[in-house]
Amino acid sequence: MYNSQLPTDGSDAPTDASPGSGMFSQRGERNGNERIRLLLKSFGLRTSLIRLKVIDALLTAAESERSLGVRSVHGYLLDLDIPLSFLSVREVLKRLCSEGVIILNPDKSYSLHPHAAAMLRGE
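Position one of the sequence shown corresponds to residue 37 (the working numbering), numbered consecutively onward.
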């Protein structure tokens with residue numbers, strides 16, 4: 037279904053993170069999105085809002101030295117007011133995993149593939 041609030045041309049979506057969350061600054065998110073866009077392009081994937089946000093969630097978790105399951109990623113996106121179904125999130129995670137961007141850990145959590153994490157760090 038078409039959502040007029042979501043970008044269709046690969047541009048940044050407006051951020052509605054609550055002021056108290058302190059998770060992102062406008063400038064920080066744009067720079068982070070650019071890195072993620074380049075990562076997706078290097079894996080031959082198109083940029084989409086859900087892919088940007090899923091990778092951002094995993095990147096944030098990696099910085100805290102943890103990994104996230106499907107429910108945690110879905111909750112993260114809901115907290116950012118990105119209304120996606122649980123199934124959509126699961127399918128994106130599966131696709132990113134099959135393309136080698138992320139890995140499925142033995143505990144059914146997801147984390148960035150070491151190669152992808154190194155690319156995002158600029159190594």
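For glycine and all other residues, C-beta sits at the position ideal for the given N, C-alpha and C. Since we're looking at a predicted model, the values are computed, not measured.
Between the alpha carbons of V90 and A153 lies a gap of roughly 14 Å. Nearest C-alpha to L120 among I72, E101, L81 and I86: I86.
One Cα belongs to R157, the other to T96, and the distance between them is close to 12 Å. When only Cα atoms are considered, N69 and L88 end up about 7 Å apart. The straight-line gap separating the alpha-carbon atoms of R107 and I139 is approximately 16 Å. I72 and A98 have their C-alpha atoms roughly 14 Å apart. Secondary structure note for S147: its beta strand (DSSP E) is the uninterrupted segment Y146 to L148.
Under the 10 Å beta carbon count, D143 is surrounded by fewer than 16 other beta carbons and is classified as exposed. Burial of L148 is indicated by the presence of at least 16 other C-beta atoms within 10 angstroms of its C-beta.
Residue environment: L75 is assigned as buried (16 or more neighbouring CB atoms within 10 Å of its CB, all protein chains considered). Burial check for S78: the Cβ neighbour count within 10 Å stays below 16, so the residue is exposed.
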